[in-house]
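Protein chains: 4
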Amino acid sequence: MRFVSGWAGERRPPRLPERGRAPSAEDAFASQTSPRTDLAIEAHELAVQASAAVDGIDTTVDELDGIRVSRMHVRTKEAERRIQKRRGRYVTIEVPGLRRRDRELQERVAAQLAAEVKRFLSIADDASVLVVGLGNVHVTPDALGPMVVDRLFVTRHLFSYMPKVLGEGYRTVSAFSPGVLGVTGIETSEIVQGIVERVKPDAVIAVDALAARSLDRVNSTIQISDTGIQPGSGVGNKRKAIDQPSLGVPCVAIGVPTVVDAATIAGDAIELVLEQLRRTVPGNSASELFDQFSPAEKWQMIRELLEPLGNNLMVTPKEIDEFIEDVAVVVAKGLNLALHPAMTMDDANALTH
Amino acid sequence: MRFVSGWAGERRPPRLPERGRAPSAEDAFASQTSPRTDLAIEAHELAVQASAAVDGIDTTVDELDGIRVSRMHVRTKEAERRIQKRRGRYVTIEVPGLRRRDRELQERVAAQLAAEVKRFLSIADDASVLVVGLGNVHVTPDALGPMVVDRLFVTRHLFSYMPKVLGEGYRTVSAFSPGVLGVTGIETSEIVQGIVERVKPDAVIAVDALAARSLDRVNSTIQISDTGIQPGSGVGNKRKAIDQPSLGVPCVAIGVPTVVDAATIAGDAIELVLEQLRRTVPGNSASELFDQFSPAEKWQMIRELLEPLGNNLMVTPKEIDEFIEDVAVVVAKGLNLALHPAMTMDDANALTH
Amino acid sequence: MRFVSGWAGERRPPRLPERGRAPSAEDAFASQTSPRTDLAIEAHELAVQASAAVDGIDTTVDELDGIRVSRMHVRTKEAERRIQKRRGRYVTIEVPGLRRRDRELQERVAAQLAAEVKRFLSIADDASVLVVGLGNVHVTPDALGPMVVDRLFVTRHLFSYMPKVLGEGYRTVSAFSPGVLGVTGIETSEIVQGIVERVKPDAVIAVDALAARSLDRVNSTIQISDTGIQPGSGVGNKRKAIDQPSLGVPCVAIGVPTVVDAATIAGDAIELVLEQLRRTVPGNSASELFDQFSPAEKWQMIRELLEPLGNNLMVTPKEIDEFIEDVAVVVAKGLNLALHPAMTMDDANALTH
Amino acid sequence: MRFVSGWAGERRPPRLPERGRAPSAEDAFASQTSPRTDLAIEAHELAVQASAAVDGIDTTVDELDGIRVSRMHVRTKEAERRIQKRRGRYVTIEVPGLRRRDRELQERVAAQLAAEVKRFLSIADDASVLVVGLGNVHVTPDALGPMVVDRLFVTRHLFSYMPKVLGEGYRTVSAFSPGVLGVTGIETSEIVQGIVERVKPDAVIAVDALAARSLDRVNSTIQISDTGIQPGSGVGNKRKAIDQPSLGVPCVAIGVPTVVDAATIAGDAIELVLEQLRRTVPGNSASELFDQFSPAEKWQMIRELLEPLGNNLMVTPKEIDEFIEDVAVVVAKGLNLALHPAMTMDDANALTH
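Protein chains in written order, with this note's numbering: chain A, 4 to 356; chain B, 4 to 356; chain C, 4 to 356; chain D, 4 to 356.
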């Protein structure tokens, strides 16, 4: 999960608060003028809400028995700019029921995820894949990536030590958690590039926890895309991206929103009361009145509100520890199924820790 | 930490969502008309804000070198009703610096806490004390109580097995974490009463995580009171309280706010925008306009906003895991110092795990 | 798990090593003259090995598809003395395959455990049961009891708040982890008695981690008995026992060996080398030679060997963290099935955390 | 910690036990003919015991107030072969008191470690250092490396984002935990080499948990050496080593023994009983008798004994979770002091998490 501030929030710089904090962090927050979301589907919804349809974006939706699959193709540079998400394909699997513990549904979601990942990868049966688990294992809502990595069925060492130990239908899979900048002092992208150069996989899958703008997508949504992971919103800083251009091989990103920024909740509350006023107060002048707040002014208010604890406030359900464990198992199962053609659901159940 | 819903939120009732949830939970939320706080000092502030001074409450404040100690005495039944906190004495230690890792400051706070606890207890040097750690050890911001219990220097077994092993100046201390209703199926108060009847301590200290209404009090404030722990706001349900009347011995409660309800943040945002409008829009009619929202209406809006994930949403800083560990050590050190007259700060540093 | 030393080993007494350690601990170790085991089946085997059949003990064995169920009835006082296990019934479920992750086998073991527990309990369909999870949650191989408690489907609070929320076929279940003496300062039995007096269950189930003398029973064996939990070997200290006489209601104990004492491994190595010598060296005098070591002498050697780290050394497989999680789920599933007649295996899978 | 079996033991290969286990693992165990130790000082002791002094090894010992510092220089190829430890310098800090919680002693050990590390490093004040934490974070006695990494004061990102944020006297430090082969599928050395190529540090420090052959060195000994980390004993497999030749920069290894192999305990017990026999049985023939066991035969017996759970059995004190946390803090403090010339002990106390 990339917090607005880049590195500053990743670890409390003890006893060095005045030195350890990036000046840029607050500026980034200050200049934020819309609710933050890492989900392309939400970015698109926001853009459409703000100004009708956005050109250059194709979307389709399938729905079956509690699972909703949206496919979005961001085709043009202009569309990219409008929704602040990179050109490419995004698939969003939404499953409100995922927050209940329903094993049958979880297996169906894992199978769906596997099917979507296979479509994105289109690699040979003997191709090798490196899975990267982004995030901080010690911060519960940010631990999804490392938790998925810990549950994968890795095989690269088996192939190199005992080539015949695995039958056909198993790919060469390795997996890896690079940690976070605040703990390592190294850009995550540098670490990933270093490993990729050594391991030389045919493709990379990067798993990360995301922030949603909508509470009902938290812990119930999986986003898959071929755009990789971008630091910040669409800036395209080549050095820091974890994507095909920076790695030299296809990079599929898988993300699950686990939090909503506190700023988003506050922003929504403000919108709600303004909306209410618009409805109650008659006349044109009133309408103008309540449209008076520019996005910048609204965020100024929100900053004021959240100031004491900076911009690292997150909203999570109290049961986050349990939710995230469940979701990590679903994602790991889906990846085990996608990466090893010979693996059955029974195998995946037994092999996913 | 007692969430509004009583037991419902303490554990996700798996596969029984429609049955497992208490109908009363949502009603409690619906009828809530002001931001929730477990801190008496904030309840008082809110009451004063709403309608000037509250009779029957005495307050004094001391401040020294980064530590602010407020003492409040809620004397009358009317005052109790007004601020919805039980009659009794409340001491609040506020230390903004506690969120930095400053060992010297932490030791001073522990010493201050020890001094205040001693004042509340006024027990003999050979009295016995039972410390109860409330909350759910598996939910980070709710784990304060069990974390403090794990770090105490307990002696009851030493006295009974080897009466002379400890010199003078050590009291008979036992400690205990009763778990939460959703995991045990037993009211916490029943468990505590059962243990008290067996252990027969001369006093009980109950440690719990709290919710604040103000972000800047999170993880930087310690409340001590002689009112014990009340389920819900001042209702006085005898069966569920953990206090002197229900236990038969003095009960001192120690609490640290670790979260703010998401509803509070949303409510604050609404207030902020209304305030802004009051300032910008001239004329009396405008003022009326923005006062039109009754508390009930405001909370209706907030419910709408937070509905998808119910009323178990909390706002925490991302570094909650680290913060809470630090605070648990400070509280445990303070208690070790308060309970064992012979203990020096060096001893406390070594003995507090 | 009750270590030989009673309370002394349960927590490192920091900075008070010379005072905090029970003098009795070392004596207990010194006087130990045979390998320690908490399994009645092993105690029986040892006794038979030492001196042929033991009167007053009935045994039967069933075996089916990877699961071996031994039933032992210790009938007489003399038998009790001989094997140092209390009179009563013991069922041992041995499943070597349990150390592999085989979900189908795990479900069969859970079902078998459920069947055996039902046979032991013989309570009405509307009876209430309290499950007690013994052991230290912070010491991995000792955490089985608390881990099982955390995974149970408790219902007592549901029945009291919403009597009709659960259909027929669910019993009133509560569950509870009393902690360990070194952390609470309170005898575990006192805590359990205090809770039982409040909750008034019709039966108690106590879950605990055990020590085996044989490595191949570690993490692959479940013992069920109607003798409850006895502190130390058969001493019958009424105050400390967790059993029917002390609680006033039937008490079924469920245990899983998770460690072998290092002393046992050392003792076995000594036996092995002596056995080898007996075989290689011809003549009667040789035989005498190698029988010269009395049990006391052997344990003197072992004490010498293990002295530096006292008698708290345990032998565990490196994968203990993973093993114990798996076993806790199996035991919790078995209990959920045993306690709620209406529960299917699918329900148990979903409801066991 | 490198277990004999190389990769096999690092993770239980679920449901693939017959395929997932390296055939070489058991062979390695079978061919082992002496107790395993990762400490050069113990390897030297063993060699001296077996056949008097070893040429080509210089040793000195200092002792001051509870801390014993041994310096060993393995100078020749022959010495390397004899003790099966690479040529180079080894410093061993032994502190029996480290197992008690004595903060003053811990600080002195951290200072001593810092002094020794500085001597080994001899790098410029503005040199950059990468710390690598080896081992498996999910296996308590193997988690030392990752736990140290989590507690370091890393600065590399601070220097690149805000060059002036830190005053003089801070080096560019980064830190990193590569995980274990069984979880990543990638040789640890490959990962480290990949990172080193990217980060280009002037020196590497590798921290790892070790196995000792003597119980009284567990959790009370720190070994520092300039030989890096070698997989297996002295084999010199270039591809897998983490050392100066493979990394191209100086590599200092820091290790703390946290376990003893169960095989070592068993072997010691056998030695003990044979020794006893030698003393009791008069005559030359007896002496021959008890010398009859070749090392290979002894290990055959031990294999038999430990077979059921393979060669992944370790002996640890029950309090391992607490011990290892304490030691990790001492090592991290020592490294923080060694790497940042401007850092005082007070700084280190505050900055070491």
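We put the beta carbon where it would ideally sit given N, CA and C, even for glycine.
Closest by C-alpha distance to residue i, when choosing among the options
| i | options | result |
| --- | --- | --- |
| T230(B) | R216(B), V252(B), L218(B), A215(B) | V252(B) |
| S228(D) | H76(D), E48(D), T347(D), D264(D) | H76(D) |
| V332(D) | L42(D), R154(D), P99(D) | R154(D) |
| V207(A) | I257(A), L218(A), V186(A), T187(A) | I257(A) |
| E119(D) | E83(D), Y93(D), F162(D), K321(D) | Y93(D) |
| T261(A) | D271(A), L308(A), V210(A) | V210(A) |
| A214(C) | L147(C), E200(C), A299(C), E81(C) | L147(C) |
| R89(A) | V259(A), L277(A), P248(A), F296(A) | P248(A) |
| A55(C) | E325(C), M150(C), R85(C) | R85(C) |
| V255(A) | K121(A), D271(A), E322(A), S297(A) | K121(A) |
| G185(C) | Q226(C), M150(C), V152(C), V142(C) | V142(C) |
| G59(D) | S192(D), L308(D), V51(D) | V51(D) |
| V334(C) | A53(C), Y164(C), N352(C), E274(C) | N352(C) |
| T187(A) | A127(D), V152(D), S297(D), H47(D) | V152(D) |
| I126(B) | D205(B), M348(B), E107(B), A46(B) | D205(B) |
| E45(D) | Q87(D), E81(D), E66(D), R78(D) | Q87(D) |
| A307(B) | M317(A), L218(A), V318(A) | Rather than Ala, the amino acid found at residue 307(B) in this sequence is Glu. Of M317(A), L218(A), V318(A), the residue nearest in Cα terms is L218(A). |
| R282(A) | T79(B), F296(B), D350(B) | F296(B) |
| D129(A) | D105(A), R106(A), P166(A) | P166(A) |
| L49(D) | E66(D), A82(D), R78(D), D65(D) | A82(D) |
Presumed contact (8 Å Cβ cut-off) between residue i and residue j, rounded CB distance
| i | j | result |
| --- | --- | --- |
| R216(A) | T40(A) | 4 Å |
| A43(D) | D145(D) | Not really, about 20 Å apart at Cβ, beyond 8 Å. |
| G113(A) | G337(A) | Per the sequence shown, the amino acid found at residue 113(A) is Ala instead of Gly. Contact flag correct, Cβ pair sits at about 4 Å. |
| P320(A) | N315(B) | 5 Å |
| A272(C) | I273(D) | 5 Å |
| M304(C) | L275(D) | 5 Å |
Identified DSSP bridge partners for residue i
| i | result |
| --- | --- |
| P362(A) | Because chain A here runs from 4 to 356, residue 362(A) falls outside it and cannot be looked at. |
| Q2(B) | Given a span of 4 to 356 for chain B in the structure shown, any question on residue 2(B) remains unanswerable. |
| P320(A) | L316(B) |
| A206(C) | V132(C) |
| G91(A) | V77(A) |
| I273(D) | DSSP, once it has assigned bridges, lists no residue as partnering I273(D). |
| A178(B) | V134(B) |
| D61(A) | H76(A) |
Inter-stretch contact (C-beta, 8 Å, three-pair minimum) for the region 154 to 173 of chain D and the region 334 to 343 of chain D: yes
Is the number of C-beta pairs between the region 180 to 187 of chain B and the region 214 to 228 of chain B that are closer than 8 Å three or more? no
In chain order, what residues of the region 88 to 106 of chain D put their CB closer than 8 Å to some CB of chain B? R104, D105, R106
Between the region 160 to 170 of chain B and the region 244 to 264 of chain B, can you find at least three pairs of beta-carbon atoms closer than 8 Å? no
For the region 178 to 195 of chain C, list every residue whose C-beta sits within 9 Å of some C-beta in chain B, in sequence order. A178, F179, S180, P181, G182, L184, G185, V186, T187, G188, I189, E190, E193, I194
Is the number of C-beta pairs between the region 87 to 107 of chain A and the region 65 to 73 of chain A that are closer than 8 Å three or more? yes
Does the region 257 to 271 of chain C come close enough to the region 155 to 164 of chain C to have 3 or more Cβ pairs within less than 8 Å? no
When the Cβ atoms of the region 315 to 335 of chain C are set against those of the region 100 to 108 of chain C, are three or more pairs found closer than 8 Å? yes
Please identify, using Cβ separations under 8 Å, the residues of the region 262 to 278 of chain C that lie next to chain D, in order along the chain. A265, I268, A269, G270, D271, A272, I273, L275, V276, L277
Spell out a yes or no on whether the region 131 to 138 of chain B and the region 185 to 204 of chain B are touching, meaning 3 or more CB-CB pairs, one atom from each, closer than 8 Å. yes
Can you give me, in chain order, the residues of the region 326 to 353 of chain D that have a beta carbon less than 7 Å from any beta carbon in chain B? N352, A353
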